[in-house]
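Protein sequences, first through last, are from chains A and B. Here the numbering used here is used: the first sequence runs in plain steps of one and ends on residue 242. Here the numbering used here is used: the second sequence runs in plain steps of one and ends on residue 331. The beta carbon of each residue, even a glycine, is placed where N, CA and C say it ideally should be. Remember, it's a predicted structure, so these values are computed and weren't measured experimentally. What follows is a short report on a single structure.
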Amino acid sequence: MKYSRREFNKLMVLSLVTFSTSEASEGGRSFLRPPGALGEERFLEKCIRCQRCIQVCPKRVIFPLSFAEGIKRMNTPVVSFRKSYCNSCLKCSLVCPTGALLPVTEATLDIGAAVIIEKDCVAWDWVGCTVCVDECPEKAIYLDEHKRPVVEPEKCNGCGICELKCPSTSIRKSAKGKGILVKPRQAGTLPRDPSLHKKRDTK
Amino acid sequence: MKLKYSAIRKYVLIGAAVSVMAATAGNTIPGTFCNICPVGFLEVSAASRSIPWKMAAWVFAGLIAVYFFGRFFCGWFCSTSLVRKCSGSRCPSTENIYMRYLPYLVLGLSVVLSFFLKFPVFCLFCPIGLFFGFLFAVFKLFAVQEAGLTLIVFPVVIAAEVILFKRWCSGFCPIGALFSLVSKIPGPKFRPAVNRSTCILGNGGTCSVCKETCPESVKITDGGGDITEKCTSCMECAEKCPTGSIKFRK
Chain A
40 MKYSRREFNK
50 LMVLSLVTFS
60 TSEASEGGRS
70 FLRPPGALGE
80 ERFLEKCIRC
90 QRCIQVCPKR
100 VIFPLSFAEG
110 IKRMNTPVVS
120 FRKSYCNSCL
130 KCSLVCPTGA
140 LLPVTEATLD
150 IGAAVIIEKD
160 CVAWDWVGCT
170 VCVDECPEKA
180 IYLDEHKRPV
190 VEPEKCNGCG
200 ICELKCPSTS
210 IRKSAKGKGI
220 LVKPRQAGTL
230 PRDPSLHKKR
240 DTK
Chain B
82 MKLKYSAIRK
92 YVLIGAAVSV
102 MAATAGNTIP
112 GTFCNICPVG
122 FLEVSAASRS
132 IPWKMAAWVF
142 AGLIAVYFFG
152 RFFCGWFCST
162 SLVRKCSGSR
172 CPSTENIYMR
182 YLPYLVLGLS
192 VVLSFFLKFP
202 VFCLFCPIGL
212 FFGFLFAVFK
222 LFAVQEAGLT
232 LIVFPVVIAA
242 EVILFKRWCS
252 GFCPIGALFS
262 LVSKIPGPKF
272 RPAVNRSTCI
282 LGNGGTCSVC
292 KETCPESVKI
302 TDGGGDITEK
312 CTSCMECAEK
322 CPTGSIKFRK
């Protein structure tokens, strides 16, 4: 088979289209990245998509992003608390070969911040559930005067225990998902304050 | 029965892929080949305008091995080689002078485009990265029961690149191109050499077994630069030579 000029041009056009679509993807932080991740722009520059952080995670919370999330982001690591939570072993931030994840300590660990999903949270319109408040190792969630959970983002390290343990879907049929989700810190949300860190006994 | 080079090579290729996934299951961290990828290193350096020093030592060690053994990675470890070996795909020989320089152009373009687009560009197409991406997508499927488009797209892209476009390895791959460049530095090389006194061609006969078995279609009996630059040290020629005239040596 001879490789024709037409085929070559086709390949080039195809690759250019790929570049332009990847360029079109919006900036800003919209994915939950592993501990110590740089800002989204810098992260995409530095991440070599080697999957090392995914391999090392003992709690299995880091996964490669699917092709569906954009060609520029595919295979980059994201955190998912559907089946597990982060025990802050911090190995992922240490093994990154390119510095897309920078080493963090337990006090500076900041994956994201938990957000109460009011329509799905059982305690929001019916008192009684205190699971997230009880489980939070950082004591970052408290109950207000109506016994509704409230997150203090400056204490939250985004470990995901609250999201993992939230029983909303098993308690109530109408709940579409978990009543509390860890989300990337949006503009306006306070950053984590390392001085408020609670020492944990167990890992 | 004597174990043949081609069989050993197949086990090594499969073993490399299996060990990466076994390491994942056991939470040890050898990483995928991306960790030591010199092209990825250049791309990340260009995209982030800084040098990832943690990677540099491994990349440098890899390139020193390439200096002596040429494109041995391509023949013995690269997942694309595994795909090609399993699908029986061989790179056809080319006389086109421009095609010879395409891999170098791709190498240059991927670094330059990475610099301007600010992300490692070739990694998007790299069949090695996509191969492991696919394995990790399977792992994800079992770990969180979440199936992604990745599971379909990656194998299709790999098949298009490696099986349909047969010339990928010697005619496109920038990693191979970088290895070829390093191989060009003169010095001691571990490559096939033909013993002219026993070779059928040297005795007036006709034979082209070595060229036909070579996955890169290198004309081994002609000698010269192609052997130094393109040979992947897969040793299939030495195994198939009817008179046993091909030996690998310094």
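Asked	Found
Chain B within 8 Å of residue 84 of chain A, Cβ atoms only	yes
Proximity test, Cβ basis, 8 Å: residue 95 of chain A and chain B	yes
Cutoff 7 Å; reference residue 63 of chain A; Cβ partners in own chain excluding five residues on either side	Because the pLDDT at residue 63 of chain A is just 45, under 50, the model does not fix this residue reliably, and the point stays unresolved.
Residue 180 of chain A (DSSP reduced to helix, strand or coil)	strand
Whole-angstrom distance between residue 193 of chain B and residue 320 of chain B, CA atom to CA atom	41 Å
Residue 120 of chain B CB to nearest heavy atom of the ligand ZN below 7 Å	Summarising the ligand content, the structure contains no ligands, and the ligand ZN is consequently not present.
Close Cβ partners of residue 183 of chain A (< 6 Å) along its chain, the five nearest in sequence each way excluded	189
Same chain only: Cβ atoms within 6 Å of residue 153 of chain B, ignoring 5 sequence neighbours per side	314
Under 8 Å by beta carbon: chain B residues contacting residue 126 of chain A	In chain order: nothing, as chain B lies at least about 12 Å away.
Chain-ordered chain A contacts of residue 136 of chain B [CB-CB under 7 Å]	136 and 137
Option in B/118, B/107, B/200 and B/163 with minimal Cα separation from residue 255 of chain B	B/118
Coarse secondary structure for residue 101 of chain A, derived from DSSP in three states	strand
Amino acids of chain E, ordered along the chain, whose beta-carbon sits closer than 9 Å to that of residue 207 of chain A	This model lacks chain E altogether, as its protein chains are A and B.
Beta-carbon proximity list for residue 199 of chain B, same chain, < 6 Å, skipping 5 on both sides	128
N-terminal and C-terminal residue of the beta strand (DSSP E) that residue 308 of chain B is part of	Taken as a continuous stretch (DSSP letters only), residue 308 of chain B belongs to no beta strand (DSSP E), being part of the alpha helix (DSSP H) at 306–311.
Buried or exposed by the 16-neighbour rule on C-beta atoms within 10 Å, applied to residue 90 of chain B	buried
Inter-residue CB distance, residue 198 of chain A and residue 127 of chain A (contact presumed, cutoff 8 Å)	6 Å
Residue 222 of chain A, DSSP secondary structure in three states	strand
Under 8 Å between C-beta atoms of residue 119 of chain A and residue 225 of chain B	yes
Chain-ordered residues of the segment 178–209 of chain B with a beta carbon less than 8 Å from chain A	180, 194, 198, 199, 200, 201, 202, 204, 205 and 206
Anticipated Cβ contact below 8 Å, residue 135 of chain A with residue 92 of chain A, distance rounded	6 Å
C-beta neighbour in chain B for residue 200 of chain A, strict 8 Å	no
Contact residues within the segment 138–149 of chain B, judged by C-beta distance below 7 Å to chain A	none
Alpha carbon of residue 139 of chain B to alpha carbon of residue 298 of chain B, nearest angstrom	30 Å
At least 3 beta-carbon pairs within less than 8 Å: the segment 212–232 of chain A vs the segment 101–115 of chain B	no
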